[in-house]
Structures are given as structure tokens and as C-alpha cells.
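full-length UniProt numbering puts the first residue of the sequence shown at 550, with every later residue one more than the last. In this text, a Cβ means the ideal position worked out from N, Cα and C, and glycines have one as well. Here the structure is a predicted model, which means the values were calculated and not measured.
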Amino acid sequence: YQPLMDAMATHMDTVYEARPLLAFDVASDPAQTHEVTAPYDRRQRVGTVLWTTKTQAEQALDAAWAAFPRWEATPVGERADILRRFADLMEANMAELMALCSREGGKLLTDGVDEIREAVDFCRYYAVRAEELFAEPTRLPGPTGESNELMMGGKGVFAAISPWNFPVAIFCGQMVATAVAGNTVLAKPAEQTSIVAHRVVELLREAGMPRDVVQLLPGDGPTVGSVLTSDPRVTGVVFTGGTDTAQVINRALANRENAALPTLVAETGGMNAMIVDSTALPEQVVADVIHSAFQSAGQRCSALRVLYLQDDVADRVIQILEGAMAELHVGDPRDLGTDVGPVIDEDARRGLQAHIDRLKGEGRLLAETRLDPAHTAEGTFIAPSAFQIDGIDALEREQFGPVLHIVRYKAQDLDRVIESINGRGYGLTFGVHSRNESFAEEIAQKIRVGNVYVNRNIIGAVVGVQPFGGQGFSGTGPKAGGPHYLLRFATEKTVTINTAALGGNASLLALGD
Ligand code: UN1
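Given below as C-alpha cells:
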């Protein structure tokens, strides 16, 4: 990491000025300018963000609408090449992007590396998939005297609404997937991470993405979000964030007058569980639990929230866990010795603290990491903690932070455990730890989630290898980083030609040659 650290050092004090990146230039406006400070130390400025006004958002939509036919007609190879150049540029600027992920998003440097790598992988993966899916019409077999072809196109204008917890990876994944499929895109980054989003879109423009094809609209939900979800010209929305917000977006899209039926691709919350049976290796379980529950300060939708321990192994696992949690260092994410950084902001900290205080009040605390005020006094930090609860139903909502809930179960109650996890209605990630192969397989079969992990941690899905996404309250699918993702942003047109009438074996391919 040393060369990266040295390169990053040159970006640690830059004060940024982010602004909307639209098809047209926007004037500065002090009334629309917001300060950004670092989550690990609120005295440190990262820069300012100029928020998009409602009128600008509407004008951006005009431009996106006008640009769509031209962009859709651009050969897919050219669209994919922009993604490849963009990936190269992100790699070349990795140190700066990592520095921004830490300074603005509170991410550990190691998380920053994974983050930029994932964004690069999304670009290269979707570029290849787009060329496979969109390059040529597919000829379909049919009766003599007729040709049938399936042609792929874009859908129109997409709004891409992304979260702060993956401010480069998910932000890029949404943007490049919708764009390479032939759509024009209005990207609304999370309010908390607009500066890194701005830098990323500057690189995307440098890679050759036309200004009116992908536009960046920093701002808040009531202003920018509501334009994007109420205008009938928005063909679809790709969203990652909370389940509640996805439901609000779904209702807003459905309530539009004179709008075509929309596409909503949502990747939302999780109440992810892990089941550990008596044959599991306690040391390995604890290593994977710490990783799954506390990496990224638990701020991943894939993170472990509820750990089910079979009675025979529970005491041993909890004892090792307690020791391991006592060793975690909470503090400045730019320090390589830090294991757990801050949570994103004061609202998040307050919500988590209230949940923790309630469980402590009920006497449920099992283990906790100590905060050292010398490293945490100026930021929004939450100490990792573990509590005993009776079951997943005791949790009212997803707690998006480093809080682990532990349930003891008896072997004969396993079916009831699985029923209650399935019955809770979320379905994102799930883990099982067991050295009994048929036990693990049986559970993996019964559990209704998007991603099952056996004898390992449950976060960090790899693009193209572990397609990621859930079901139920956890999302609509299709899976990001999977082979079918781009299809949800595409139209399919079947063209049937009576070739006899054209006097031969005509096909669109032949006509186009
Ligand atoms: C999210 O946290 O919003 O597998 C989803 C993982 C990541 C999760 C991203 N792909 O941990």
C-alpha cells in the first residue's frame, strides 16, 4: 500500500468544488452551495457541492430526452469503448478516488481499493456483455419465406439513484449499465458523497461520454429525486438504498399521469442471517462473522445482522467473538491500523445509538468494542457491539451499522429458524457454517435469498463471478454484475419479414450490409 499511500497524500488536503455536470453549464449560487466535512473529523473540510435546482433538473431531462435517439443509434462497440477508457482512467486515478472515499465517505483504505476495483470491473464486464447482447440482431428460426430477427435497443431516459455506502462502485455500476444499453442517464448521487461522484463523472466525460448522455445531478430527494420520479419522460429508475425509499419511488412512478409503464430496478435492504451448526469451526466462524458484520462499519446491505448459533457451539463462539471484538481498532479510516471507521453521518450515528441503548437497557449486551476518545471524539463513530435477541422477528428494521444480533437455537428447532428468516420477507445474503455438507446444502436450498455463502464471510460479491442482488423486501433483481442485468434496461423488438414479397431471402442484416 505504500506507493498508493504516497500518491493519496497529495489529495488529502485538496478542497473540492463539486457542481451539477449537465448538458449545459450552470452558474454558481451561494444559496445552493453545501459544505462537506469528513465523517471521522467534522472539523476537516472536504469541499463544497452546488446542488441542482428543480428547473435545472427539468432542463437536464429535456436534454436527456433529446439525446436518446442519437445515443441509442451509436454502435454498441463505441459505447462499450467509452466504458473501457473510463475504467482505465479510474485505475489511473485510483489514489485520488480512494482518498475521496475516505475523506467524504469515511471508508477504510482497504475498502477504497475494493470499491474502485469493483467500479472498474463493472465497466469492463458490462462492456463485454453489451457487445454480446446488442451487437447484432439475433436471427431466429422460422418457416420458409419468412425471416425473424430480434433487435435490441435502449428504453429511453433512466434515473440512477445511488447510495453513499458504495459511492464509486454502485454509482458507476448503475450509470454505465444503463448507458451502455443505449439509454441516456440522469445520475443522482447520495447527498453525502457528491464530491467523489463529481470527480468520477469528470473522468467519464474525459473517457468520451457525451455531456447530454450521462448527467450528474447532485442534490436532495425532495428536489432532484422528485423531478426524476414524477416526470412521465423518465422511462425507468435504477435505485440502490433503503427499502422504504424504494417503495416511495415505486408509488411516485405509478402515480404519474400519461406515463408508460416504468421499469424499476431496485437493490434494497437486508436482514441477513447466518446459521452455525455444532460441526462448524468456531475460530473460522468468528473470523467470518467479524468480517461480515463489522467491515465497512457494517454499512453494507450485504452485512451480517443476525447470527444463529446452535446451542452446543454458542458459548465457545461467543467467547472467541468477545476476545476478537476487544481487539478491533475504531478510528481514522486513513490509518492502516484501523479496522472500523466512522458511520456516515450524525443521523446514522443517532439512530444506531438509540437501538444500542434500547438493547443495553434490556440487558442483552454480549460483547462490545471500546472506543478510544483520542481517535473518535470529533467524528460520527459507533462501537461494534453484539446482543442476544430471541429471533429475527425482534428486529423492527434493518440497522445499518456495526451491530450484530445473536440468537441461540436448538438443533430440533432448525426448521422454525429457517421459516422465521424466510417469513421476515427480506432476501439478500445468507451464510451457513457447517462441516456437514448435506446440512449446508439443505439449508442453502430452503432459504429464499439472492446470495448464499457457505463456510465463508457473506459480503464482497465479485462482479461477473457472484452476481449480487436479492428478492422480496431486498430488491427486484436482476442481479448486478450478473449476465442478465443489462436486459432490464433494454427493449427487444421482433422483426418479421415476408421474404417472398421482397423477392428473396431478405433479412435486416442483409438489408443493412
Ligand atoms: C450494498 O451494500 O448496498 O457484496 C450492496 C457486497 C456488495 C454489497 C453492495 N456488493 O458486499
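- By the CB criterion at 8 Å, A926 and L953 fall outside the cutoff.
- The residues N821, S841, A842 and I1008, in chain order, have a CB closer than 7 Å to that of A852 in the same chain once the five nearest residues on each side in sequence are set aside.
- A distance below 7 Å between beta-carbons, with the five flanking residues on each side excluded, links E740 to the following residues of its chain, in chain order: D769.
- Shortest gap from the CB of C850 to any heavy atom of ligand 1: under 7 Å.
- In the three-state scheme derived from DSSP, where H, G and I count as helix and E and B as strand, N799 is classed as helix.
- The residue among V783, Q723 and V966 with its C-alpha nearest the C-alpha of E607 is V783.
- Taking each of A873, R919 and F930 in turn and checking the Cα distance to R898, the smallest one comes out for F930.
- DSSP places T778 within a helical segment (H, G or I) once states are collapsed to three.
- As the crow flies, the alpha-carbon of T817 is around 32 Å from that of I869.
- For L752, the CB contacts under 7 Å within the same chain, skipping 5 residues up- and downstream, are F635, L638, M639 and N642 in chain order.
- Take the alpha-carbon of E645 and the one of P552: they are about 13 Å apart.
- Relative to the non-hydrogen atoms of ligand 1, the Cβ of P712 comes within a distance shorter than 7 Å of at least one.
- Between V892 and A960 a beta carbon distance of about 37 Å is seen, past the 8 Å cut, so the two are scored as non-contacting.
- Excluding residues up to 5 positions away in sequence, A587 and V595 lie with their Cβ nearer than 6 Å to the Cβ of R652 in the same chain.
- In the structure shown, the three-state DSSP call for T1040 is strand.
- Taking 8 Å as the cut-off, the beta carbon of E664 is found no closer than this to the beta carbon of V750.
- In the DSSP assignment, L853 forms a beta bridge with N821.
- If you look at S934, you'll find it isn't in any alpha helix (DSSP H); it sits in the beta strand (DSSP E) that goes S934 to Q937.
- Annotation: L963 to Y857 spans about 10 Å, alpha carbon to alpha carbon.
- Residues of the same chain with a CB within less than 7 Å of the CB of L632, apart from the 5 flanking positions on each side, are C672, Y675, A676, V725 and V729 in chain order.
- Using a cutoff of 7 Å, the CB of A795 does not count as near ligand 1, since none of the ligand's heavy atoms is closer than that.
- G655 has its Cβ no nearer than 7 Å to any heavy atom of ligand 1.
- Per DSSP, reduced to three states, the secondary structure at A708 is strand.
- In the three-state scheme derived from DSSP, where H, G and I count as helix and E and B as strand, T925 is classed as helix.
- By the neighbour-count criterion, in which 16 or more other beta carbons inside 10 Å mark a residue as buried, R984 falls on the exposed side.
- Separation of P624 and K1042 (C-alpha to C-alpha, rounded to the nearest whole angstrom) is 17 Å.
- Its chain contains K603 as the residues whose beta carbon lies nearer than 6 Å to that of T772, once the 5 sequence neighbours on both sides are disregarded; these appear in chain order.
- D896 has its alpha-carbon roughly 27 Å from the corresponding atom of L885.
- When the alpha-carbon of Q994 is set against those of G980, N732 and A903, the nearest one is in G980.
- The nearest non-hydrogen atom of ligand 1 is less than 7 Å from the C-beta of A1010.
- By the Cβ-count criterion, Q796 is exposed, with fewer than 16 other Cβ atoms from all chains shown falling within 10 Å of its own Cβ.
- Counting C-beta pairs closer than 8 Å gives fewer than three between the region 755-763 and the region 776-795, which falls short of the contact rule.
- Annotated three-state conformation of I719 is helix, per DSSP.
- Within 10 angstroms of the beta-carbon of L682 lie 16 or more other beta-carbons, which makes it buried.
- Linking Q1020 to S827 through their CA atoms gives a straight-line distance of about 29 Å.
- At a threshold of 7 Å, T789 counts as near ligand 1, since its beta carbon sits closer than that to one of the ligand's heavy atoms.
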